[in-house]
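Q:
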Amino acid sequence: MNKVRASAPQLEGLVPYDPKYLPAEAYLSANENPRDVDAEVRAAIARRIAQVPLNRYPDPLANRLRDLIAEANGLDRANVLLGNGGDELLFDVALAWGGPGRSFLNLPPTFSVYAANARLTNTRCVDVPRRADFSIDEAAVLERVGKGDIDFVIVTSPNNPTGQRASTAFIEELLDATDALVLVDEAYFEFSRATVRPLLATHENLAILRTFSKAFSLAGARLGYVLANAPVIEELCKVRQPYSVDAISQAIGEVVFENRARFEPGIREIIEERGRVMEALRTLPGVTAYPSDSNWILFSMEDAGAAWQYLYDRGVLVRDFSSAPMLEGCLRATIGTPEQNDAFIRGLRDFLAESRAQRARAMQ
Ligand code: PMP
Numbered sequence: 001m002n003k004v005r006a007s008a009p010q011l012e013g014l015v016p017y018d019p020k021y022l023p024a025e026a027y028l029s030a031n032e033n034p035r036d037v038d039a040e041v042r043a044a045i046a047r048r049i050a051q052v053p054l055n056r057y058p059d060p061l062a063n064r065l066r067d068l069i070a071e072a073n074g075l076d077r078a079n080v081l082l083g084n085g086g087d088e089l090l091f092d093v094a095l096a097w098g099g100p101g102r103s104f105l106n107l108p109p110t111f112s113v114y115a116a117n118a119r120l121t122n123t124r125c126v127d128v129p130r131r132a133d134f135s136i137d138e139a140a141v142l143e144r145v146g147k148g149d150i151d152f153v154i155v156t157s158p159n160n161p162t163g164q165r166a167s168t169a170f171i172e173e174l175l176d177a178t179d180a181l182v183l184v185d186e187a188y189f190e191f192s193r194a195t196v197r198p199l200l201a202t203h204e205n206l207a208i209l210r211t212f213s214k215a216f217s218l219a220g221a222r223l224g225y226v227l228a229n230a231p232v233i234e235e236l237c238k239v240r241q242p243y244s245v246d247a248i249s250q251a252i253g254e255v256v257f258e259n260r261a262r263f264e265p266g267i268r269e270i271i272e273e274r275g276r277v278m279e280a281l282r283t284l285p286g287v288t289a290y291p292s293d294s295n296w297i298l299f300s301m302e303d304a305g306a307a308w309q310y311l312y313d314r315g316v317l318v319r320d321f322s323s324a325p326m327l328e329g330c331l332r333a334t335i336g337t338p339e340q341n342d343a344f345i346r347g348l349r350d351f352l353a354e355s356r357a358q359r360a361r362a363m364q
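Take 1 as the starting number for the sequence shown in the UniProt record's numbering and just add one per residue.
(1) Return helix, strand or coil for residue 366, following the three-state DSSP convention.
(2) Sorted by chain position, which residues of the same chain lie with C-beta nearer than 8 Å to W308's C-beta, five sequence neighbours on each side aside?
(3) Taking a contact to mean a Cβ-Cβ separation below 8 Å, would you say R262 touches I297 in this structure?
(4) Who are the Cβ neighbours of R282 in its own chain at under 8 Å, not counting the five residues just before and after it?
(5) Give the DSSP bridge partners of S157, in chain order.
(6) For R26, name the three-state secondary structure that DSSP assigns.
(7) Measuring only from the beta carbon, is G85 closer than 7 Å to any heavy atom that is part of ligand 1?
(8) Please report the straight-line C-alpha distance between E235 and L89, rounded to a whole angstrom.
(9) Residues bridged to C125 by DSSP?
(10) To which residues of the same chain is F170 closer than 7 Å at the C-beta, ignoring the five residues directly before and after it?
(11) Looking only at its own chain, which residues have a Cβ that is under 6 Å from the Cβ of Q241, when we skip the five neighbours before and after it?
(12) Quick one: what's got a C-beta closer than 7 Å to A249's C-beta in the same chain, skipping five residues either side?
(13) Is the beta carbon of G99 less than 8 Å from the beta carbon of S244?
(14) With burial defined as no fewer than 16 other Cβ atoms inside 10 Å of the residue's Cβ, what is the status of E302: buried or exposed?
(15) Where does A360 land, buried or exposed, given buried means 16+ other C-beta within 10 angstroms?
(16) How many angstroms separate the CA atom of E12 from the CA atom of E354?
(17) Say whether the stretch 111–119 touches the stretch 70–78, bearing in mind that this needs 3 or more beta-carbon pairs closer than 8 Å, one atom from each stretch.
(18) Quick check on V37: does DSSP put it in helix, strand or coil?
(19) Where does residue 366 fall in DSSP's three states?
(20) Return the CA-CA distance between S294 and A280, expressed in angstroms with no decimal places.
(21) Does DSSP put I267 in a helix, a strand or coil?
(22) Out of S157, A177 and S217, state which residue places its alpha-carbon closest to the alpha-carbon of R197.
(23) Can we say the stretch 331–340 touches the stretch 44–55, given the rule of at least three CB pairs closer than 8 Å?
(24) Where in the stretch 248–332 do unbroken runs of the beta strand (DSSP E), each at least 3 residues long, occur, reported from the N-terminal end onward?
(25) Near residue 368, what residues of its chain come up, given a Cβ to Cβ distance below 6 Å and the 5 sequence neighbours on each side ignored?
(26) Taking the C-alpha atoms as reference points, what is the distance between Y114 and I150?
(27) Taking 6 Å as the limit between beta carbons, can you name the residues of its chain near A251, skipping five residues before and five after?
(28) Between which two residues does the beta strand (DSSP E) containing A194 stretch?
(29) According to the Cβ coordinates, are L206 and L175 closer than 8 Å?
(30) Tell me which same chain residues have a C-beta within less than 6 Å of the C-beta of R77, skipping the five on either side of it?
What follows is the structure, encoded as structure tokens:
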């Protein structure tokens, strides 16, 4: 047959996820850690990988890594599930708690993967939009779950791409108000220094998502994990791909987790640099920078698309959200090394100065 019938109807018009990666000197577009794992950890990883039997399937549940994570969090193995990046676990949550006839509560603007997963799994996506300052409309969320038809909610803390964390008191109220699964996406919690993990002891409907991709410099290895009570983990195990976390990634994850204290100075530097970049942005006329508890800053300005291009032409790649719904005029800059951050600030300052000069010439 020289033709193929149409794919599933929910795929019609769907655009595959595009991280908008382009060659650049300073990658400030994907919220990655600007520093790779250090040479000593890298050498330890190489030694550990050399012992991995490649002819054997990996441990399906990555139990060694599971135990390390469980112990560090005061939990048991049964409370931890590894995935091929947080992305895979987000899909597993949509498979396990979504589906035809089921509903997902989303708080846009937020990580676009959540709504895409809902669509792929034929789950109804109910939006409670954030306020103009991107804070959660807490009363509206509580009222909406009160109707009883929501099967799962995702609260991103800190929220990507807007930057601020959710209040713990609100998450506790939400957990008390519903039996829906509440997934708190803490992919960036190391930069906010805040977690809702203690609430696991009292709330069976809480799940927490974490990742090795950001604070632990491992976006290339694809490792994420969920912390939850055992019944939630058991449901996720029913839908997961048995061998999604390969043996090499497990080995890398074990070494990095054992050495996690070595990443602390890098995390501290990012938090300090965030303060410095924020101060610099706040001195730029016409730029509104939103508060951030994470490793990036979202800001809005006139001619954001042109500013993106100007920065890119100077080797600085930031993320352009200027035509995304609810994010009009917004760009997001990941916090990089001090040198990369300087290049970003200098570029933006030059763009604004040139725009002002152009406008002045046009008025003459
Ligand atoms: N959650 C949020 C909010 C994210 O921004 C990301 C990464 N873009 C993820 C989850 C998934 O990260 P990863 O798949 O690299 O673990």
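Think of the CB as a built atom: it goes at the ideal place given N, C-alpha and C, for glycine as much as any other residue. All values derive from a computational prediction rather than experimental measurement.
A: Taking the structure as given:
(1) An answer regarding residue 366 cannot be provided, because it is not within the stretch 1 to 364 covered by the chain.
(2) Exclusion of the five residues before and after W308 leaves V318, D320, S322 and L331 as the residues of its chain whose Cβ lies within less than 8 Å of its Cβ.
(3) Result no, Cβ atoms of R262 and I297 do not sit closer than 8 Å.
(4) Same-chain partners within the cutoff: A289.
(5) Under the DSSP definition of a beta bridge, S157 lacks any partner.
(6) First, the residue type needs correcting, since residue 26 is Ala and not Arg in the sequence shown. A26 falls in the strand class under three-state DSSP.
(7) Checking the Cβ of G85 against ligand 1 gives yes.
(8) Rounded to the nearest whole angstrom, the C-alpha separation of E235 and L89 is 12 Å.
(9) According to DSSP, C125 bridges with F104.
(10) Within the same chain, F170 has close Cβ partners I136 and E138.
(11) No residues qualify anywhere along the chain.
(12) The question names Ala, but residue 249 is Ser in the sequence shown. Hits under 7 Å: A221, R222 and L223.
(13) For G99 and S244, no; Cβs fall outside 8 Å.
(14) That one is exposed.
(15) With a threshold of 16 other beta carbon atoms within 10 Å, A360 falls short and is exposed.
(16) Taking the straight line from one Cα to the other gives about 43 Å.
(17) These segments do not touch.
(18) In the displayed model, V37 falls within coil according to three-state DSSP, outside both helix and strand.
(19) With the chain covering 1 to 364 only, the question about residue 366 has no answer from this structure.
(20) Looking at the backbone, the Cα of S294 and that of A280 are separated by about 17 Å.
(21) Three-state DSSP puts I267 in a helix.
(22) When each option's Cα is compared against that of R197, the closest is S157.
(23) No, they do not touch.
(24) Counting only runs of 3+ residues, the beta strand (DSSP E) found wholly inside the stretch 248–332 occupies 296–300 and 316–320, in chain order.
(25) Outside the displayed range of the chain (1 to 364) lies residue 368, so it cannot be described from this structure.
(26) Taking the straight line joining both Cα atoms gives about 15 Å.
(27) So the list reads R48, I49 and V52, once near-sequence residues are dropped.
(28) Where A194 is concerned, there is no enclosing beta strand (DSSP E), given that its DSSP letter is neither H nor E.
(29) Yes; because the gap between Cβ atoms is below 8 Å, this pair is in contact.
(30) Excluding five sequence positions before and after R77, the CB atoms of its chain that fall closer than 6 Å to its own CB belong to R66, D67 and A70, given in chain order.
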